[in-house]
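J.: If you read the sequence shown in our numbering, its first letter stands for residue 4, the second for the next number, and so on.
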Amino acid sequence: MEKILIIGACGQIGVELTLALRKAYSNQQVIATDIREEHELLKGTGPYAILNAMDATALLEIIRKEKITQVYLLAAVLSATGEKDPKRAWDINMQSLMQLLDIGVQEKLHKIYWPSSIAVFGTSTPKQNTHQKTIIEPQTVYGISKYAGELWCQYYHDRWGLDVRSLRYPGLISWKSAPGGGTTDYAIEIFHEALRSGHYTCFLEKGAYLPMMYMDDAIRATIELMESPVEKIKSRMSYNISAMSFSPEEIAAEIRTHLPNFSIDYAPDFRQKIAEGWPQSIDDSAAKADWGWKSEFDLKKMANEMLTHLKS
Ligand code: AKB
Numbered sequence: 004m005e006k007i008l009i010i011g012a013c014g015q016i017g018v019e020l021t022l023a024l025r026k027a028y029s030n031q032q033v034i035a036t037d038i039r040e041e042h043e044l045l046k047g048t049g050p051y052a053i054l055n056a057m058d059a060t061a062l063l064e065i066i067r068k069e070k071i072t073q074v075y076l077l078a079a080v081l082s083a084t085g086e087k088d089p090k091r092a093w094d095i096n097m098q099s100l101m102q103l104l105d106i107g108v109q110e111k112l113h114k115i116y117w118p119s120s121i122a123v124f125g126t127s128t129p130k131q132n133t134h135q136k137t138i139i140e141p142q143t144v145y146g147i148s149k150y151a152g153e154l155w156c157q158y159y160h161d162r163w164g165l166d167v168r169s170l171r172y173p174g175l176i177s178w179k180s181a182p183g184g185g186t187t188d189y190a191i192e193i194f195h196e197a198l199r200s201g202h203y204t205c206f207l208e209k210g211a212y213l214p215m216m217y218m219d220d221a222i223r224a225t226i227e228l229m230e231s232p233v234e235k236i237k238s239r240m241s242y243n244i245s246a247m248s249f250s251p252e253e254i255a256a257e258i259r260t261h262l263p264n265f266s267i268d269y270a271p272d273f274r275q276k277i278a279e280g281w282p283q284s285i286d287d288s289a290a291k292a293d294w295g296w297k298s299e300f301d302l303k304k305m306a307n308e309m310l311t312h313l314k315s
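So, in structure tokens, the structure goes:
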């Protein structure tokens, strides 16, 4: 029987992934952990423990005690927060991964999931339809840690046969749990502010066109990748996945089709420079060809879902 451990279960991806995995397996098979108190939406849905992703001893203990076979490591410092304290972001992002990879080999874990991001790309990368294998020169500490992590995942697979799988997420848009310090977070804030005050001051510039994805698609992609037969996983770096791209003025125009009085203005800060380094659209043909990935949410469908759920 598979037994799954989620590290960072109270974050933006963690809450929804925990709930989805508990539905796909059973509540008792999915152990949620985070350094924080249990998220409201997880309460009563299955086992929960406090775990610091940097604490290798505690991690090994819980893996042995619970007879864990698969681990999803979601704890990370994202792009915007990472730039405020680069050394700390590097330590957290790398140490949590490296100790898990070692434990994975030692304890013969069946599978590990570790997310990467479009932040691996930089200004030297072609901006349109960015291919999975292209010029990769990340410019944030978050992007550097994600690219280094991808290489380490591939190394542990090639050298020790560890089954590590990974996706490069675009900006993720969700309503259940709050995002944590990313550059693409504006695309969530904008919905909250549209409903609260009817106005949003965007921290990115007009024209900051970025790849994005609704959380339902991201969760489905993650589980589909992890459930795919091993022979279909041809990349042991990280798969590009894609759903939609838009600029702040385009998402504002879409919100206006629901809330005609909604207005937006722009006060770009340091996050604009991060956004300028990232691609505008992503080529996910490898994920489509290898394990059948296909997105379901475009801008219109996503905005409708966000506003419907946030209103209620
Ligand atoms: C961020 O903005 O840092 C993240 C990401 C694109 O990985 N949402």
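All residues carry an ideal CB built from backbone N, CA and C; glycine is no exception.
(1) If you follow the beta strand (DSSP E) that Met216 is part of, which residue opens it and which one closes it?
(2) List the endpoints of the continuous beta strand (DSSP E) containing Lys114.
(3) If distances are taken between C-alpha atoms only, which option among Arg39, Leu213, Thr137, Glu257 comes closest to Ala306?
(4) On the three-pair Cβ rule with 8 Å, is the region 56-63 touching the region 88-102?
(5) Tell me the DSSP secondary structure of Gln142 in three-state form.
(6) Going by DSSP in three states, Tyr203 sits in which element: helix, strand or coil?
(7) Around the Cβ of Gln142, are there at least 16 other Cβ atoms within 10 angstroms (buried) or fewer (exposed)?
(8) Hey, is Ser315 close to the ligand AKB, as in C-beta under 7 Å from one of its heavy atoms?
(9) Considering Ile73, what are the terminal residues of the beta strand (DSSP E) in which it resides?
(10) My understanding is that Tyr116 touches Met229, with C-beta atoms under 8 Å, so please give their C-beta distance in whole angstroms.
(11) Check Phe249 in the structure and name its three-state DSSP category.
(12) Please return the same chain residues whose Cβ sits closer than 6 Å to the Cβ of Leu310, not counting the five positions on each side in sequence.
(13) Expressed to the nearest angstrom, what Euclidean distance is found between the alpha-carbon atoms of Pro173 and Gln31?
(14) Closer than 7 Å: is that where the CB of Ser82 sits relative to any heavy atom of the ligand SAM?
(15) Looking only at its own chain, which residues have a Cβ that is under 8 Å from the Cβ of Lys209, when we skip the five neighbours before and after it?
(16) Ala221 to Lys68, Cα distance in whole Å?
(17) On the three-state DSSP scale, how would you describe Ile38?
(18) In angstroms with no decimal places, state the Cα-to-Cα distance between Thr133 and Asp272.
(19) For Asp88 and Gly17, what's the separation of their Cα atoms in angstroms?
(20) Leu77 and Ile10 - do their beta-carbons sit closer together than 8 Å?
(21) Is Ile71 near the ligand AKB, in the sense that its beta carbon is under 7 Å from a heavy atom of that ligand?
(22) State the DSSP-derived secondary structure class of Tyr28, mapped to helix, strand or coil.
(23) Going by C-alpha distance, which of Gly107, Ala79, Glu110 is nearest Ile95?
(24) Does DSSP put Asp88 in a helix, a strand or coil?
(25) Below 7 Å, is the gap between the Cβ of Leu100 and the nearest heavy atom of the ligand AKB?
(26) Could you tell me whether any non-hydrogen atom of the ligand AKB is closer than 7 Å to the CB of Leu175?
(27) Measuring alpha carbon to alpha carbon, tell me which of Val233, Tyr212, Ile267 ends up nearest Ile285.
(28) I'd like to confirm something about Ile10: is its beta-carbon nearer than 7 Å to some heavy atom of the ligand AKB, or not?
(29) At the level of alpha carbons, what is the spacing between Gln275 and Arg259?
T.: Per the coordinate set shown:
(1) Taking the sequence shown and counting its residues from 1, the one referred to as residue 216 is at position 213. Segment 213-217, the beta strand (DSSP E) holding Met216.
(2) The count along the sequence shown starts at 1 and reaches residue 114 at position 111. Going by DSSP, Lys114 is part of the beta strand (DSSP E) stretching over 114-116.
(3) The residue you call residue 306 lines up with position 303 of the sequence shown. Closest in C-alpha terms to Ala306, from the list Arg39, Leu213, Thr137, Glu257, comes Glu257.
(4) Yes, since at least three Cβ pairs between the region 56-63 and the region 88-102 fall closer than 8 Å, the two stretches touch.
(5) Against the sequence shown, residue 142 aligns to sequence position 139. The three-state secondary structure of Gln142, taken from DSSP, is coil.
(6) Your numbering for residue 203 matches position 200 in the sequence shown. Of the three classes helix, strand and coil, the one that applies to Tyr203 here is strand, per DSSP.
(7) What you label residue 142 is simply residue 139 of the sequence shown in a count that begins at 1. Here Gln142 is buried, its C-beta having at least 16 other C-beta atoms within 10 Å.
(8) The residue you call residue 315 lines up with position 312 of the sequence shown. Remark: the shortest separation between the CB of Ser315 and any heavy atom of the ligand AKB does not fall under 7 Å.
(9) Working through the sequence shown from its first residue, we reach residue 73 at position 70. It should be noted that the sequence gives Gln, not Ile, for residue 73. Gln73 -> beta strand (DSSP E) spans 73-76.
(10) Numbered from 1 along the sequence shown, position 113 holds the residue referred to as residue 116. Numbered from 1 along the sequence shown, position 226 holds the residue referred to as residue 229. In this structure Tyr116 touches Met229 by the C-beta definition: roughly 6 Å separates them, less than 8 Å.
(11) Looking up residue 249 in the sequence shown gives position 246. The DSSP-derived three-state label of Phe249 is strand.
(12) Counted from its first residue, the sequence shown places residue 310 at position 307. If we look at Leu310 and ignore the five residues flanking it on each side, its Cβ neighbours are His261.
(13) Working through the sequence shown from its first residue, we reach residue 173 at position 170. Working through the sequence shown from its first residue, we reach residue 31 at position 28. Cα-Cα distance, rounded: 31 Å.
(14) The ligand SAM is absent from the structure shown, which contains only the ligand AKB.
(15) For the purposes of this step, residue 209 is taken as residue 206 along the sequence shown, with counting starting at 1. Ser250, Pro251, Glu252, Tyr269.
(16) Start at 1 with the first residue of the sequence shown, and residue 221 comes out as number 218. Start at 1 with the first residue of the sequence shown, and residue 68 comes out as number 65. Our two residues, Ala221 and Lys68, have alpha carbons roughly 30 Å apart in a direct line.
(17) Start at 1 with the first residue of the sequence shown, and residue 38 comes out as number 35. Looking at Ile38 - three-state DSSP - the assignment turns out to be coil, as it is neither helix nor strand.
(18) Sequence index remark: in the sequence shown, residue 133 carries index 130 (1-based). Sequence index remark: in the sequence shown, residue 272 carries index 269 (1-based). Distance from the CA of Thr133 to the CA of Asp272, rounded to the nearest whole angstrom, comes to 25 Å.
(19) As a first step, residue 88 is located in the sequence shown; it is residue number 85 there, counting from the start. As a first step, residue 17 is located in the sequence shown; it is residue number 14 there, counting from the start. The straight-line gap separating the alpha-carbon atoms of Asp88 and Gly17 is approximately 23 Å.
(20) Here residue 10 corresponds to residue number 7 of the sequence shown, with the count starting at 1. Here residue 77 corresponds to residue number 74 of the sequence shown, with the count starting at 1. By the CB criterion at 8 Å, Ile10 and Leu77 fall inside the cutoff.
(21) Residue numbering aside, residue 71 sits at position 68 when the sequence shown is read from its first letter. For Ile71, the shortest C-beta to heavy atom distance toward the ligand AKB is 7 Å or greater.
(22) Mapped onto the sequence shown, residue 28 falls at position 25. Here Tyr28 sits in coil by DSSP.
(23) Position 92 of the sequence shown, counted from the start, is the residue given in the question as residue 95. For Ile95, the closest of Gly107, Ala79, Glu110 by C-alpha to C-alpha distance is Ala79.
(24) The residue you call residue 88 lines up with position 85 of the sequence shown. Coil at Asp88, not helix or strand.
(25) Position 97 of the sequence shown, counting from 1, holds the residue named residue 100. Leu100 Cβ: outside cutoff for every heavy atom of the ligand AKB.
(26) Locating residue 175 in the sequence shown gives position 172, counting from the first residue. Correct: Leu175 has its Cβ closer than 7 Å to the ligand AKB.
(27) Within the sequence shown, residue 285 is the residue found at index 282, counting from 1. The option with the nearest alpha carbon to Ile285 is Tyr212.
(28) Start at 1 with the first residue of the sequence shown, and residue 10 comes out as number 7. Not one heavy atom of the ligand AKB sits closer than 7 Å to the Cβ of Ile10.
(29) Start at 1 with the first residue of the sequence shown, and residue 275 comes out as number 272. Start at 1 with the first residue of the sequence shown, and residue 259 comes out as number 256. Distance between the alpha carbons of Gln275 and Arg259: 23 Å.
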